[in-house]
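Chemist: Numbering follows my numbering, with no gaps: position 929 of the sequence shown is 930.
I'd like to ask you about the structure that follows.
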Amino acid sequence: MKFIAFITSNKNKLLEVQQILSNSIPLINKDLDLPEFQGSSTAEIAKQKCITARQQIDGPVLIEDTALCFDALNNLPGPYIKWFLNSLGHDGLNTLLHGFNNNKAHALCTFAYSADSNSEPVIFEGRTYGQIVQPRGATNFGWDPIFQPDEGEGKTYAEMSKEDKNKISHSGVNVSLASLVNTGNQPRADSNGDNPLTSTSGRLTPEESWTAHHHQRMRTLENEEPLSLYAGRTIAVGKFDKNSVTSQADRAWKRLNSTLARNDVKKELMLRDRYERPHQMRRRLRRERHRRRFAEMIRHKRTQRTQLSSVSSAPASARRAISSTSSRAAETAPMIKLTVDGKEVEVPQGTALIQACELAGATIPRFCYHDRLAIAGNCRMCLVEVERAPKPVASCAMPAMPGSNVFTNSERTNKAREGVMEFLLANHPLDCPICDQGGECDLQDQSMRYGSDRSRFFEVTGKRAVENKNFGPLVKTSMNRCIQCTRCVRFANEVAGVEELGTTGRGNDLEIGTYVQKTLDSELSGNIVDLCPVGALTSKPYAFTARPWELKMTETVDALDAVGSNIRVDSRGHEVMRVQPRVNDDVNEEWISDRTRYACDGLKYQRLTNPLVRVGDRFQAASWPEALGTVADGLAKSGAKGDEIQATAGSLADTESLVALKDLLNKLGSENTALDTKRGTSPPAHGVDHRSNYLFNCTIPGSEEADAVLFVGTNPRHEAAVINSRFRKAYLHNNTDFGLIGEKMDAVYDYEHIGVDAKTVGDFLSGGVKSPFADKFKNAKKPLIVIGSAVSEHQDGASVYAAIAKHVESNKERFLTEEWNGFSTLQRAASHTAAYDVGFVPSQQSQFTKAKFVYLLNADDFDPDVIPRDAFVVYQGHHGDLGAQYADVVLPGVAYTEKGTTWVNTEGRAQLGRAAISAPGASREDWKIIKAVSELVGKPLPYEDVIAIRDRLWEISPALTRYDELETPSTVSLGLGLANLVKNGQATTSTTPFSKVYDNFYQTDPVSRASVTMANCVKSFVKGDNSEETAVPLSEGGQEQPKHV
């Protein structure tokens, strides 16, 4: 009998293989010292082992190798599963899939058989599809405990009997191998076309079938003329002959080699600050911030690990006392070490290799990768060399492995990146002189290092051409420039939550567009312009207006909502050209809403640049002394005393002017200060004595941690679009559930609509509402109640606050802990939090007093009925909006981009804005105007400069001057605030529904109502037709509305 030598050092493995082959093939065990081969597949490794073994044995040889391939990691670990298992263990292999929503995998068993030294090894494969699970069963046989096959009836390999396991994993392989050994003939394909030498549990998937045909096509092309395949198109490049000087490929090769040294010099120069262009420096600083943030996270994990080790060594009684914190520390990922360019770094297990490289100080080029989006691995520009890897790997899609030795600047790495760049430029149009991305284009910058002055490709049919898409009035497209990085698609789906943007076709025919030619209807759509690494997506309002090197860049704070987004205002001369986001992980990450970004053109229109005094039914221009004198005379002639003097502040009033105006009214004996909201002339439902009653207490980043969120009278998509993206993230990554009491909204996550009125709030919190969300909310570990502005403006607002506060008090073990505060109020205007902090609200007595003198400070959203017809009205603001129409005297102030003032966002974070441009005309800063008025009315305010007025802020509340810091209210303060709400409320029995505070997201303030771009958005997104839309409210004939209409 002819025996076959089975090469293994494990006798148990021999018994298992004999069972697999049903003892149909006689085997003998041979233990050979074979080298550890490396390869991209088990077939390649088994073939190399078989060739080496047959050189040492005279006779037939059989080699067996196994692999475990994770779909989410592009078939890693694959043949390296043994090394991964030894280094990470079963739990570590599960950790690799953290952050992915795909735990699918397949097990691969490969046999290589060689009859003699003259025959080529024949490969047999058995493939089983399944998924990766937590380890179950015996742990003494490799990775069997974590692999659960689809046909295993819910059992892992380790939980099955050997017979059942072998039947699933190797069906067809034993028959094929036995047929080859006994007859010497390879089995033919069956009627379905399946090759039994490559057996799987079930038919091949379409992707695998396409891959097999693609590899066959590649093998055919190898025997033909040299071709280059790019995006599905065949491009002739000419034969490559090292001895032929006239060869086109040879000339291109020499040009590339001759430019390497010059490119190295350019790279070194670009890394120096004095040679950097502004956008390059900003990009480098942004990456440095990301690196520091990542390093801080690692230091935090090390601290947690140290605390955990100290807890484990403490006495049992001590461990019980702090078991709640140690359990959280135990959940942190273990740390691993690797070497990057000779520098050892330590990162959490599962970290992307590109992050580990950046932590080591290496700069990795990229186009598709973004640390706030899912990994795509499209562009291949981030290739790095990993020791013992068969080829350069995409560092964005490769997890950092313990003990890896990574090279980011080797010759092999640079050549790979140069090849990728050459492919990208082959079809890219030469639009740089007319492209709005010019001067801040990632492709331009990377081509300076990895590009060449000529291409080896010659396109016979011309470059690829793609029709431009209509994304609406904000985003301009030039799809010929698209490099298909899919950043915009991932942002729209993951962050914005509008699944209207996607790709069609594949290869060279792949295009990015919207579903059935729809416009991109999202409040965050402008962020895809920042994400696009080339000029495919640019700002339509900004098109062909300026170059980045012409602009002055000022870092400041947005004032068009209560989020307090960090922005950068780019200006030229006295004009704001554009607004872009700044990175702040604690506030807006690096996103801003479309109103923040595009309403800046409203700063040019309907501006008040000179003082105006009403004469009859018209305004006449006046000097500052004349206008201020008229204000003083109006106050005297009105006879207003005490609370008959009323001040109303609008959404764009800064903190300094609020303090100055309140101090002035208090000096005049009045406490009648109000806001220009519905019911703004009455004390707010939440009060102002306890700061925690009107703040977003969970904090903006903390909103992602909630596992059940109840919205009461709010639509965060319109009131705080950037915070709404946090809720979208929680919905995707934490499976957060949402419920709504109020008007239905078009949300970017699934939610349950519970009711519309105040009575429903009481019923839901008392357990009277039975629904799936009610059960989840009752059992949530981190529940969150978000109270919107519609509650404060509701007639039963105090009762709603009381009911919620009572529920939070009775469930404070879930709502109020050291790590969590589930009681939050979402403000919608930039001035409201600061107004409550300084007490800019009416007293109980003043709300019933009829005003004779009304001072409107940037107030343009008030109800005209609250202004008496015989009152003397002063309007101080920067736009000719509603407030100016009712004024007797108009005092021109400055907009938020023209002054350096304090803004307090909805979570109570004080931030300092800065002036980007000078004040237009004769307009002045708001607090200075109020200071001048105080002197003319005989009640001068005590501060002369901005330092003095900020000292006054500190006297009122130190939190107002602790910029960029967030003060967390104490547990005692929280309890007192809730008790005060419960005391002031009554039973919620009203069935009056909560109404929307915004009917139109794009026009919510004087600046956005004056914006032509926002008017176009209303026409496109709100009305959905081609009707004309004016930018500011005018009467028939285009004249201003008369006073007191």
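Virtual Cβ for every residue (Gly too), placed ideally from N, Cα, C.
Source: prediction; values computed, not measured.
Between which two residues does the beta strand (DSSP E) carrying G93 extend?
Modeler: Counting from one through the sequence shown, the residue named residue 93 turns up at place 92. That residue, G93, is in no beta strand (DSSP E); its alpha helix (DSSP H) goes I82 to T96.
Chemist: Is the distance from the Cβ of T678 to the Cβ of S594 below 9 Å?
Modeler: Position 677 of the sequence shown, counted from the first residue, corresponds to residue 678. Position 593 of the sequence shown, counted from the first residue, corresponds to residue 594. No. Outside cutoff.
Chemist: Does the beta-carbon of R619 have 16 or more other beta-carbons within 10 angstroms, so that it is buried, or is it exposed?
Modeler: Counted from its first residue, the sequence shown places residue 619 at position 618. Exposed, since its Cβ has fewer than 16 Cβ neighbours within 10 Å.
Chemist: H429: buried (16+ other C-beta within 10 angstroms of its C-beta) or exposed?
Modeler: In the sequence shown, counting from the first residue as 1, residue 429 sits at position 428. Classification for H429: buried.
Chemist: Does the distance from the CB of L609 to the CB of G881 come in under 9 Å?
Modeler: Residue mapping note: residue 609 aligns to position 608 of the sequence shown, counting from 1. Residue mapping note: residue 881 aligns to position 880 of the sequence shown, counting from 1. Yes; because the gap between Cβ atoms is below 9 Å, this pair is in contact.
Chemist: Hey, A44 and L69: beta-carbon distance below 9 Å or not?
Modeler: The count along the sequence shown starts at 1 and reaches residue 44 at position 43. The count along the sequence shown starts at 1 and reaches residue 69 at position 68. Against a cut-off of 9 Å, the Cβ pair of L69 and A44 comes out as no contact.
Chemist: Below 8 Å, how does it come out for the segment 683-691 and the segment 732-747: are there three or more Cβ pairs, yes or no?
Modeler: No contact exists between the segment 683-691 and the segment 732-747.
Chemist: What do you reckon, are the CB atoms on A911 and E945 nearer than 9 Å?
Modeler: Counting from 1 along the sequence shown, the entry for residue 911 is found at position 910. Counting from 1 along the sequence shown, the entry for residue 945 is found at position 944. No, the pair does not count as a contact, with Cβ atoms beyond the cut-off.
Chemist: Whole angstroms are fine: how far does the CA of N667 sit from the CA of E810?
Modeler: Stepping through the sequence shown from its first residue, residue 810 is reached at position 809. Stepping through the sequence shown from its first residue, residue 667 is reached at position 666. Approximately 36 Å, taken between the alpha carbons.
Chemist: Between which two residues does the beta strand (DSSP E) containing Q132 stretch?
Modeler: Against the sequence shown, residue 132 aligns to sequence position 131. Where Q132 is concerned, the enclosing beta strand (DSSP E) stretches over V123 to I133.
Chemist: Terminal residues of the continuous alpha helix (DSSP H) containing G635?
Modeler: The sequence position of residue 635 within the sequence shown is 634, counting from 1. W625 to S639 is the extent of the alpha helix (DSSP H) around G635.
Chemist: Have a look at A836, A661 and A920 and flag the residue whose alpha-carbon is nearest the alpha-carbon of P684.
Modeler: The sequence position of residue 684 within the sequence shown is 683, counting from 1. Nearest option by C-alpha distance: A836.
Chemist: Indicate the three-state DSSP secondary structure (helix, strand or coil) for N175 in the structure shown.
Modeler: For the purposes of this step, residue 175 is taken as residue 174 along the sequence shown, with counting starting at 1. In this prediction, N175 scores a pLDDT of 48, lower than 50, which makes its location untrustworthy; the coordinate-derived value is nonetheless stated afterwards. Helix, per DSSP.
Chemist: Taking DSSP as the reference, what is the three-state secondary structure of L272?
Modeler: On the sequence shown, residue 272 is found 271 positions in, with the first residue counted as 1. With a pLDDT of 41 at L272, under the threshold of 50, the predicted position of this residue should be treated as unreliable, though the coordinate-derived value follows. Here L272 sits in coil by DSSP.
Chemist: Nearest to G756 by alpha carbon, out of S996, C380, V385 and A377?
Modeler: The residue given as residue 756 occupies position 755 in the sequence shown. Minimum Cα distance to G756 is reached at S996.
Chemist: Count the other CB atoms, across all protein chains shown, that sit within 10 Å of the CB of R1010; report buried if there are 16 or more and exposed otherwise.
Modeler: Walking along the sequence shown from the start, residue 1010 turns up at place 1009. With 16 or more Cβ atoms within 10 Å of its Cβ, R1010 is classed as buried.
Chemist: With hydrogens ignored, establish whether the beta-carbon of I147 is closer than 8 Å to any heavy atom of the ligand SAM.
Modeler: The ligand SAM is absent from the structure shown, which contains no ligand whatsoever.
Chemist: State the DSSP-derived secondary structure class of F873, mapped to helix, strand or coil.
Modeler: Counting from 1 along the sequence shown, the entry for residue 873 is found at position 872. In the structure shown, F873 sits in a strand (DSSP, three-state: E or B).
Chemist: Given 8 Å as the limit, is there contact between the segment 863-873 and the segment 892-908, that is, 3 or more CB pairs closer than that?
Modeler: The segment 863-873 is not in contact with the segment 892-908.
Chemist: Between L629 and the rest of its own chain, which residues show a CB-CB distance below 7 Å, the 5 nearest in sequence each way excluded?
Modeler: If you number the sequence shown from 1, residue 629 lands on position 628. Contacts found: A933, V934 and L937.
Chemist: Starting from A781 and walking both ways along the alpha helix (DSSP H), at which residues does that stretch end?
Modeler: As a working mapping, residue 781 is identified with position 780 in the sequence shown. Here A781 belongs to no alpha helix (DSSP H), and DSSP marks it neither H nor E.
Chemist: Out of L538, L883, D952 and K851, which has the shortest C-alpha to C-alpha gap to V660?
Modeler: Residue mapping note: residue 660 aligns to position 659 of the sequence shown, counting from 1. With distances taken between Cα atoms, V660 lies closest to D952.
Chemist: Does P959 come out as helix, strand or coil in the three-state DSSP assignment?
Modeler: For the purposes of this step, residue 959 is identified with residue 958 of the sequence shown, where counting begins at 1. Helix at P959.
Chemist: Alpha carbon to alpha carbon, what distance is there between N76 and S325?
Modeler: The residue you call residue 325 lines up with position 324 of the sequence shown. The residue you call residue 76 lines up with position 75 of the sequence shown. Note that S325 scores a pLDDT of 30, beneath 50, so its modelled location is shaky; the value from the coordinates is reported in the next line. Near 38 Å, if we compare the C-alpha coordinates of N76 and S325.
Chemist: At 3 residues or longer, and completely inside the segment 644-728: list those beta strand (DSSP E) runs for me, N to C.
Modeler: Listed in chain order, they are 646-650, 674-676 and 709-713.
Chemist: Please go through the same chain and pick out, in chain order, the residues whose beta-carbon is closer than 7 Å to the beta-carbon of H371, but skip the five residues on each side of it.
Modeler: As a working note, residue 371 is residue 370 in the sequence shown. Answer for H371: R488 and L532, listed in chain order.
Chemist: Would G909 and H795 be called neighbours here (beta carbons separated by less than 9 Å)?
Modeler: Stepping through the sequence shown from its first residue, residue 909 is reached at position 908. Stepping through the sequence shown from its first residue, residue 795 is reached at position 794. Not a contact, by the Cβ cut-off of 9 Å.
Chemist: In terms of alpha-carbon separation, which member of F424, Y451 and V62 lies closest to E460?
Modeler: Counting from one through the sequence shown, the residue named residue 460 turns up at place 459. The candidate whose alpha carbon is nearest that of E460 is F424.
Chemist: Quick one: what does DSSP say D195 is sitting in, helix, strand or coil?
Modeler: Within the sequence shown, residue 195 is the residue found at index 194, counting from 1. Reliability fails at D195, whose pLDDT of 41 lies under 50, so the model's placement of it is uncertain and no value is given.
Chemist: Please state whether DSSP places D738 in a helix, a strand or coil.
Modeler: Against the sequence shown, residue 738 aligns to sequence position 737. Three-state result, D738: strand.
Chemist: So, at 7 Å on beta carbons, what are the nonlocal neighbours of Y1 in its own chain, with the 5 sequence-adjacent residues on each side left out?
Modeler: Residue 1 is absent from the structure shown; the chain starts at 2 and stops at 1046.
Chemist: So Y837 is in the alpha helix (DSSP H); what residue range does that whole segment cover?
Modeler: Working through the sequence shown from its first residue, we reach residue 837 at position 836. From DSSP, the alpha helix (DSSP H) with Y837 extends over H833 to V839.
Chemist: First and last residue of the alpha helix (DSSP H) that includes W928?
Modeler: Position 927 of the sequence shown, counting from 1, holds the residue named residue 928. Note, W928: alpha helix (DSSP H), D927 to L937.
Chemist: Taking Cβ to Cβ, would you say A806 is nearer than 9 Å to T557?
Modeler: Locating residue 806 in the sequence shown gives position 805, where the first residue counts as 1. Locating residue 557 in the sequence shown gives position 556, where the first residue counts as 1. Result no, Cβ atoms of A806 and T557 do not sit closer than 9 Å.
Chemist: Can you grab the Cα-Cα spacing for the pair V905 / L676, in whole Å?
Modeler: Position 904 of the sequence shown, counted from the start, is the residue given in the question as residue 905. Position 675 of the sequence shown, counted from the start, is the residue given in the question as residue 676. For V905 and L676, the distance between alpha carbons rounds to 16 Å.
Chemist: Between the segment 403-412 and the segment 335-346, can you find at least three pairs of beta-carbon atoms closer than 8 Å?
Modeler: At 8 Å Cβ cutoff, the stretches touch.
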